[in-house]
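Worksheet: one structure, shown below.
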DNA sequence: CCTCGAATTGTGATCCCTCACATAACTCAC
DNA sequence: GTGAGTTATGTGAGGGATCACAATTCGAGG
């Protein structure tokens, strides 16, 4: 609700004050070239005098374009690519709006959210949820013609998407442990409903088997710090021996390091630990964490750029852009003694 | 740009199909009571059939209300209250939009951002920046009649605001160190342009002096992990002795713990460390960090609730809601030996 | 059977802009 | 100075909803 006295001025008010038609004012605002210099100056001065700014709602209604990109994601707290997305969007002339789903929302929740969002006349959608409920065709119809890009979706799906090759990342991590001589490798996996967690887990198992090894004990956490702690305690209590521990993300790895420390297990002397993500803090863990880095800046940049070019060219062919993680070796891994 | 074939249906399309006037359809949508049951059903069925959803831009234009709250903040990455704000806003029937300023934006940047935002017909503004450039009167005029609440602003300002009593939080931390017997207390402060950093620093100095102590060495960081690390190295290299270290936020404290560990300084045996914020990871640092907790859920809840009531009642008196932090004692502090 | 009032429905104007087009004013050549 | 060709400006018609009001229908009481 506006202060009643702060009645906004409109195109017509400006036009009247400047002694021109509203259309001329519109031209000045939209930088149309065909306006005489004197007229433009007169209009600009009137705009300043009335403190006029165009009403976006009306503009959106008239043009059908909002210059708004909507990001739909499931947990804002841990969204490191967010600032880069906002920055990229702005750079391309768009505003990025963010809306959040509860973690592991049901299909109906996603449907409802999309219903709500597409009513707002947004120009494009970035969808960043780890639970791939819908096929490309379903998604297309849910988005009702609004172009969309899936961010961090499953590898290999036929949908406009930008993803990391999780498999490659896991292979780097496991290969590193194998190279160091480890043969008994335990795992703390992510939440089983999380697409990345599934893929990371499968890759670990597949790869160990491919090397003729029996996968070590494995427990599923939920990607949060406390679950990393609790899972590690369970692993230790199970009595199954392991000399290396692969943790599906850095956050849980922090919990794992804590648990190992409390139990007197030295890292990396007794157990090597590898994380995943390379969150900013990982380099300062005790010991600094060896982990798999995903360049979220690039993820953000690619996602927004792809979406914007789809907006400009709706018939753009569907593609999946795949990015590759890299291994960052720090102090939490060492050769098997 | 929409797919041309996915032309959205409008009120009129629905009206035609249902054999009623557009106004009746509008009534059905807005739950107006005076609609005959049979008519309502006919309309609802037409809505379903056409997959109709009202155009929000048009609605905003007609009503002047968007049911959108805008959050203006300076660094999304570290915004723990964000999810709570989004949740609270939704609970009250609003959508929360987020936009970001570069860290320590200049006054003109804030002005430009507000110019842009207020053009979008938002119902209210949450302003969460640590640099208080404008007076209440200036702010009011910048917001052009849109109600606003300052979040985490300076203590004692006459503006609608919800803040933590930083002073109280610092006093808790320092008192804790004093109680443990520490007399040589070093400090890593936050960025000097950050309002919270200033207040925390001043409070530390004031309080130590009040106890007849000389404030120990102090270095200003920037609230990021690496600066906590670098500052600690500098403190150690300076040769000035200290038995306790107050760090202005947990993130820097993580860097500090790392630096102390590398230099062979034991925490808490040789040096006690206190942080500020109680970020989720702090309990899992090595050692677990003693820190000052601010309940960000409450901050978020109060901010949104206050803003929404201002929207409902524009003549609501200006108030500052002050929240109090609490001390969380963990393993990084111990009695002076 | 008519009248009155409530319940239901419909009509016009409006919100503030942009589009496509029509008109007016200006330049310049012949 | 008349015509064409720019360049500047103005007009009408939407865009898709809401609001205030007018018009209709309905049921009940006299």
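Protein chains in written order, with the numbering used here: chain A, 14 to 350; chain B, 14 to 350.
Backbone N, C-alpha and C fix where the C-beta goes; we use that ideal spot for every residue, glycine too.
Residue i classed as buried or exposed, judged by whether at least 16 other C-beta atoms fall within 10 angstroms
| i | result |
| --- | --- |
| residue 62 of chain A | exposed |
| residue 150 of chain A | exposed |
| residue 72 of chain B | buried |
| residue 11 of chain B | No answer is possible for residue 11 of chain B: it lies beyond the span of chain B, which begins at 14 and ends at 350. |
| residue 17 of chain B | Its pLDDT being 35, under 50, residue 17 of chain B is placed unreliably by the model, and nothing is read from it. |
| residue 250 of chain B | exposed |
| residue 352 of chain A | It is not possible to answer for residue 352 of chain A, since the shown part of chain A is limited to 14 through 350. |
| residue 148 of chain B | exposed |
| residue 262 of chain B | buried |
| residue 184 of chain B | buried |
| residue 321 of chain A | buried |
| residue 351 of chain A | Outside the displayed span of chain A (14 to 350) sits residue 351 of chain A, for which this structure offers no information. |
| residue 50 of chain B | exposed |
| residue 213 of chain A | buried |
| residue 224 of chain B | exposed |
| residue 338 of chain A | buried |
Coil, strand or helix - residue i by DSSP
| i | result |
| --- | --- |
| residue 208 of chain B | helix |
| residue 86 of chain B | strand |
| residue 263 of chain A | helix |
| residue 346 of chain B | coil |
| residue 341 of chain B | strand |
| residue 199 of chain A | strand |
| residue 15 of chain B | Legend: pLDDT at residue 15 of chain B = 34, less than 50; position of this residue unreliable, value from coordinates given subsequently. Residue 15 of chain B falls in the coil class under three-state DSSP. |
| residue 218 of chain B | helix |
| residue 113 of chain A | strand |
| residue 250 of chain A | helix |
| residue 330 of chain A | coil |
| residue 122 of chain A | helix |
| residue 192 of chain B | helix |
| residue 227 of chain B | coil |
| residue 108 of chain B | strand |
Span of the beta strand (DSSP E) around residue i
| i | result |
| --- | --- |
| residue 257 of chain A | 257-260 |
| residue 137 of chain A | 137-141 |
| residue 174 of chain A | 174-177 |
| residue 334 of chain B | 333-336 |
| residue 163 of chain B | 161-164 |
| residue 170 of chain B | No beta strand (DSSP E) holds residue 170 of chain B; DSSP gives it neither H nor E. |
| residue 233 of chain A | 231-233 |
| residue 287 of chain A | 285-287 |
Reference residue i, options the options, closest by Cα
| i | options | result |
| --- | --- | --- |
| residue 299 of chain A | A:25, A:46, A:267 and A:77 | A:267 |
| residue 303 of chain B | B:312, B:323, B:280 and B:320 | B:280 |
| residue 29 of chain B | B:79, B:81 and B:65 | B:65 |
| residue 326 of chain A | A:26, A:53 and A:159 | A:159 |
| residue 348 of chain B | B:26, B:95 and B:287 | B:287 |
| residue 229 of chain B | B:74, B:201, B:318 and B:283 | B:201 |
| residue 346 of chain A | A:42, A:37 and A:189 | A:189 |
| residue 60 of chain A | A:75, A:294 and A:32 | A:32 |
| residue 145 of chain B | B:133, B:134, B:125 and B:172 | B:172 |
| residue 91 of chain A | A:278, A:104, A:285 and A:236 | A:236 |
| residue 181 of chain B | B:295, B:283, B:252 and B:340 | B:340 |
| residue 344 of chain B | B:319, B:333 and B:296 | B:296 |
| residue 246 of chain B | B:165, B:274 and B:226 | B:274 |
Span of the alpha helix (DSSP H) around residue i
| i | result |
| --- | --- |
| residue 29 of chain B | 24-31 |
| residue 304 of chain B | Counting along the chain, residue 304 of chain B falls outside any alpha helix (DSSP H), though it belongs to the beta strand (DSSP E) covering 304-306. |
| residue 132 of chain A | Per DSSP, residue 132 of chain A belongs to no alpha helix (DSSP H) and is neither H nor E. |
| residue 323 of chain B | 309-325 |
| residue 49 of chain B | Neither: residue 49 of chain B is in no alpha helix (DSSP H) and is coded neither H nor E. |
Contacts around residue i, its chain only, beta-carbon distance under 8 Å, and the 5 residues preceding and following it disregarded
| i | result |
| --- | --- |
| residue 336 of chain B | 175, 176, 177, 178, 307, 308, 311, 312 and 315 |
| residue 142 of chain A | 85, 86, 87, 114, 118 and 123 |
| residue 136 of chain A | 78, 79, 80, 81, 82, 107, 159, 160 and 324 |
| residue 156 of chain B | 127, 131 and 138 |
Nonlocal neighbours in the same chain, by C-beta distance under 6 Å from residue i, ignoring five residues either side
| i | result |
| --- | --- |
| residue 242 of chain B | 268, 271 and 272 |
| residue 197 of chain A | 229, 254, 255 and 256 |
| residue 244 of chain A | 201, 232 and 234 |
| residue 95 of chain B | none |
| residue 221 of chain A | 228 |
7 Å CB neighbourhood of residue i in its chain, flanking five on each side removed
| i | result |
| --- | --- |
| residue 67 of chain B | 42 |
| residue 205 of chain A | 211 and 233 |
| residue 102 of chain B | 82, 108, 109 and 317 |
| residue 191 of chain B | 224 |
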